[in-house]
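Report on the following structure.
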Amino acid sequence: MGATHGLQANIRLEMEQVLADFVPVLQSWTENGTDRLIDPFETVYSENYAPANAAVIYASVYRSSGNPIHLESCLAMVRRSAELLRIRAGISPFCRVFLYHYSMMALLLLPDEARSGVTGEFAEFYARYEDDCKQVNTNCAALQWGSELYVQSLGFREADGAKLEHLLQYIERAQSPEGFINDEVTHAAALDGMPIAYHAFTLFLLFSSVVAAGGRLPAQGEPCQARAFTIIGRGLTWLMHCATEDGTFAMIERSSHQMFTWGVYVALLSGSTADNDTALFRKAWEYWLSFRHEDGSYGCTPNWLPHELRTGFESYTHVNMYNNLGLTGIAVALKVLEAPDAWRDKLPLFQIQSDCAFIDEDSGYAFFRKGMHYMACSLRMHNRKYAPAMQGFHYRMSGIRFPLAEPRFKAADVDNRQFLAEGVWEGFLLKDAAGALYFPDSTDNVDAQFTDVGIELLLDTPQYRCTKRISTVENGFSWRYRIELKQDFADCRHVLPFIVHDGRNGTKVLEKSATRMDVAYRGQRFTLTCSRSDQIGMQLYRSLLSVSGAAANVHAVITGPYEAGAVLEWETRLQVRYDQEGGD
220 MGATHGLQAN IRLEMEQVLA DFVPVLQSWT ENGTDRLIDP FETVYSENYA
270 PANAAVIYAS VYRSSGNPIH LESCLAMVRR SAELLRIRAG ISPFCRVFLY
320 HYSMMALLLL PDEARSGVTG EFAEFYARYE DDCKQVNTNC AALQWGSELY
370 VQSLGFREAD GAKLEHLLQY IERAQSPEGF INDEVTHAAA LDGMPIAYHA
420 FTLFLLFSSV VAAGGRLPAQ GEPCQARAFT IIGRGLTWLM HCATEDGTFA
470 MIERSSHQMF TWGVYVALLS GSTADNDTAL FRKAWEYWLS FRHEDGSYGC
520 TPNWLPHELR TGFESYTHVN MYNNLGLTGI AVALKVLEAP DAWRDKLPLF
570 QIQSDCAFID EDSGYAFFRK GMHYMACSLR MHNRKYAPAM QGFHYRMSGI
620 RFPLAEPRFK AADVDNRQFL AEGVWEGFLL KDAAGALYFP DSTDNVDAQF
670 TDVGIELLLD TPQYRCTKRI STVENGFSWR YRIELKQDFA DCRHVLPFIV
720 HDGRNGTKVL EKSATRMDVA YRGQRFTLTC SRSDQIGMQL YRSLLSVSGA
770 AANVHAVITG PYEAGAVLEW ETRLQVRYDQ EGGD
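Numbering (our numbering), first residue to last: 220 to 803.
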């Protein structure tokens, strides 16, 4: 126990220092005289909910420093948040949900003496504030649930028991039998979104709300707290299938691998990591620190590209918002680490099993781990169409980062197939004589079963029947296809997404033939082979759609034409080469 607590103590000091070092960044974004927190890299959102999360960071820094300047900065950001809540016009209801929630969290994270001296300034406004936002998604409901706990924990007014019950039931209904929380459940309908990032975010919101409220929960909040921990526990058990030894977790769909997911993950691990599993906690904590920019801010996505190329990665990806939201997770983790054992009996033990073979048909994902190999896979194309069906993602092997870019389509359009050329993805691409393109676009789950070394997927359509195997092989991964054609086709290609540059490391082609391409990435040499290709090569189009960085698709061309009844079979492998060193 002593060693573990020592490690946690060291991480706690590191976290305090990271937050303190971020204060000058917040100051540089703050406009003198107005306390507007401006994003210098865009003009669409600019301030949004960033002041409320800045208040949380300042509160956490004051908690460790005791410096009155940090307290005043916290209060200035709470005042700015309250001002934006008063303005209302031009500020979306959902944005105001964030402002309301996190500005109160900031007050709750202040030491008791400091908080008791300032809450009177805000009591009347926060007690009377009317939240007019309908539940636009599940994380919205979780934010509102936490806010209802906060108003009574701060002594502003009694919590609305009926509202607490309604919101918690809302989240419970969004959680599947396997434990996954679908964020795309609105007040009006449930959509097939299934973003893994927001599964984790919703767990964080429930957990952080209870952490921030501390021992000041209202009486009607106690039963809700127990139910919340049931939701969190089931959700963490599901999330364990996504976790990898490098301190990250597999994500696909909306907001995958954005900076806030790092803070979310660290906060969840702070209360659920076992004594003998602190290496995972440390790797998770240290992971995003490497993406620090010269000005002290952090990359919105896990690469070293400049902010100017990442702002608007998704429409709401902005530097001040996601830096502050990510570091809010660290502030919550710090609060948990003040008394970590208080959460041990409330959360399941978060640990990575050496072997994993888990299919969740409800969410549409499968996860496979064997030894040091890991991969995840989508069973269908979800409603936002960020990636095709049968799409592998988050490939890991013995800590080696392959030059595979995380997948993403910009916008899948039935009438315009340009997204197939501009998107970053892995799969087959068939073209008929008229130029029509076919790829695995099923919005229903494909059939899936595990093999000893991976997963086998089956998709049967009027045009083709495709059996695909994604497998672990020595020093890498394999994609094996068998496509039985039900109509004539002119051409077939196997598409794979490669990182071109992550802002620090480029991928260079070293050797190439019709069936093989050798590349170097991050000091390692990799060999890509295709058993049936007539040509293999990297496309000229460069995409910024992947969280991995700038990317380009590699096409292994299997030249046609092919008549109905033909069977196309091939295997593509990507493997590390240990006989020679690679480099930039």
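Just so it is clear, CB atoms sit at the ideal spot from N, CA and C, and this is done for glycine as well.
Query - Inter-stretch contact (C-beta, 8 Å, three-pair minimum) for the stretch 332-347 and the stretch 393-407 - result: Taking one beta carbon from each stretch, the stretch 332-347 and the stretch 393-407 have fewer than 3 pairs nearer than 8 Å; the two do not touch.
- Task: Check E250 in the structure and name its three-state DSSP category.
- Result: Coil at E250, not helix or strand.
Review point. Which residues in the same chain have their Cβ closer than 6 Å to the Cβ of A576, if we skip the five residues on either side of it in sequence?
Key: F587, F669.
Does the count of Cβ pairs from the stretch 693-709 and the stretch 752-762 closer than 8 Å reach three? Touching, no.
**Study point:** Range of the contiguous beta strand (DSSP E) that encloses E340
**Key:** Per DSSP, E340 belongs to no beta strand (DSSP E); it is in the alpha helix (DSSP H), 339-347.
By Cβ distance, which residues of its chain are closer than 6 Å to N495, with the 5 residues on each side in sequence left out? Model confidence at N495 stands at a pLDDT of 47, short of 50, so the residue's coordinates are unreliable; what they give is reported in the following sentence. There are no such residues.
Could you tell me how far apart the beta carbons of M478 and G518 are, in whole angstroms, since I believe they sit closer than 8 Å? So it is a contact: roughly 7 Å between Cβ atoms.
Discussion item. Quick check: what's the CA-CA separation for F317 versus N229?
Written reply: N229 has its alpha-carbon roughly 31 Å from the corresponding atom of F317.
Between which two residues does the beta strand (DSSP E) harbouring N772 extend? Counted as a single uninterrupted DSSP element, the beta strand (DSSP E) harbouring N772 occupies residues 768-781.
- Item | Contact set for E250: own chain, Cβ-Cβ below 7 Å, skip 5 residues either direction | For E250, where only same-chain residues beyond five positions count, the Cβ hits under 7 Å are I257.
Check: When burial is assigned at 16 or more other CB atoms within 10 Å of the CB, is V786 buried or exposed?
Finding: Label assigned to V786: exposed.
DSSP beta-bridge partners for P716?
For P716, the pairing in a beta bridge is given by DSSP as N772.
Next on the checklist: Is it buried or exposed, I549, if we count other Cβ atoms within 10 angstroms and call 16 or more buried?
Outcome noted: Buried is the call here.
Contact check, G583 vs S597 under 8 Å by CB: the rounded distance?
Confirmed, about 6 Å.
- L245 to D574, Cα distance in whole Å? Between L245 and D574, the C-alpha separation is close to 43 Å.
Exercise for review: List the endpoints of the continuous alpha helix (DSSP H) containing N359.
Suggested key: Sequence inspection shows Cys at residue 359; the Asn mentioned does not correspond to that position. Residue range 357-372 is occupied by the alpha helix (DSSP H) that includes C359.
Next on the checklist: Can you tell me whether N635 is helix, strand or coil according to DSSP?
Outcome noted: In the structure shown, N635 falls within a strand segment according to DSSP collapsed to helix, strand and coil.
Next on the checklist: Quick check for students: name the residue ranges of the alpha helix (DSSP H) that lie wholly in the stretch 582-656, counting only runs of 4 or more.
Outcome noted: Counting only runs of at least 4 residues, the stretch 582-656 fully encloses the following alpha helix (DSSP H) elements, listed from N- to C-terminal order: 637-641.
**Study point:** the stretch 494-512 contacting the stretch 459-475, beta-carbon criterion three pairs below 8 Å
**Key:** Taking 8 Å as the limit for Cβ pairs, the verdict is that the stretch 459-475 does touch the stretch 494-512.
| message | Helix, strand or coil for M296? Go by DSSP, reduced to three states. | response | Looking at M296 - three-state DSSP - the assignment turns out to be helix.
Can you name, in chain order, every residue of its own chain whose Cβ lies under 7 Å from the Cβ of C749, other than the five neighbours on each side? Excluding sequence positions up to five before and after C749, its CB lies within less than 7 Å of the CB of H713, T734, I755, A775, W789, T791, all in the same chain and listed in chain order.
* K687, buried or exposed, once every other Cβ within 10 Å from all chains shown has been counted against 16 -> K687 counts as buried, since at least 16 other C-beta atoms from the protein chains shown sit within 10 angstroms of its C-beta.
- Mark G590 as exposed unless 16 or more other C-beta atoms lie within 10 angstroms of its C-beta, in which case mark it buried. Around the CB of G590, fewer than 16 other CB atoms lie within 10 Å, so the residue is classed as exposed.
C-alpha gap between L362 and L424, whole angstroms | One Cα belongs to L362, the other to L424, and the distance between them is close to 6 Å.
Local conformation of D240 per DSSP, three classes:
D240 falls in the helix class under three-state DSSP.
Original post:
Is the beta carbon of G374 less than 8 Å from the beta carbon of T338?
Top reply: Yes, they are a contact pair.
task: Could you work out which residue in T778, V672, K554, G768 is closest to A278 when comparing CA atoms only?
output: Comparing C-alpha distances from A278 to each of T778, V672, K554, G768 shows the shortest one belongs to K554.
request  = Work out the CA separation of A486 and R392 for me, nearest whole Å.
outcome  = The straight-line gap from Cα to Cα measures roughly 24 Å.
Quiz item: What residues are listed by DSSP as bridge partners for D737?
Solution: Beta-bridge pairing links D737 to E730, T746.
- Where K604 and I306 are concerned, what is the direct C-alpha to C-alpha distance, given to the nearest angstrom? Taking the straight line from one Cα to the other gives about 36 Å.
_From F420, P287, A498, residue whose alpha carbon lies closest to that of I390_ = Comparing Cα positions, the closest option is F420.
Uninterrupted beta strand (DSSP E) stretches inside the stretch 550-585 (no shorter than 3 residues):
Correct list: 574-579.
By the three-class DSSP mapping on this structure, what secondary structure does A408 have?
The answer is coil: DSSP assigns A408 none of H, G, I, E or B.
**Q.** Nearest-angstrom Cα separation, counted from A770 out to D651
**A.** Cα atoms of D651 and A770: separation of roughly 27 Å, rounded to the nearest angstrom.
Keeping to the same chain, check which residues put their C-beta closer than 6 Å to that of H512; ignore five residues upstream and five downstream.
No residues qualify anywhere along the chain.
(message) By the three-class DSSP mapping on this structure, what secondary structure does Y797 have?
(response) DSSP places Y797 in the coil class of the three-state scheme, outside both helix and strand.
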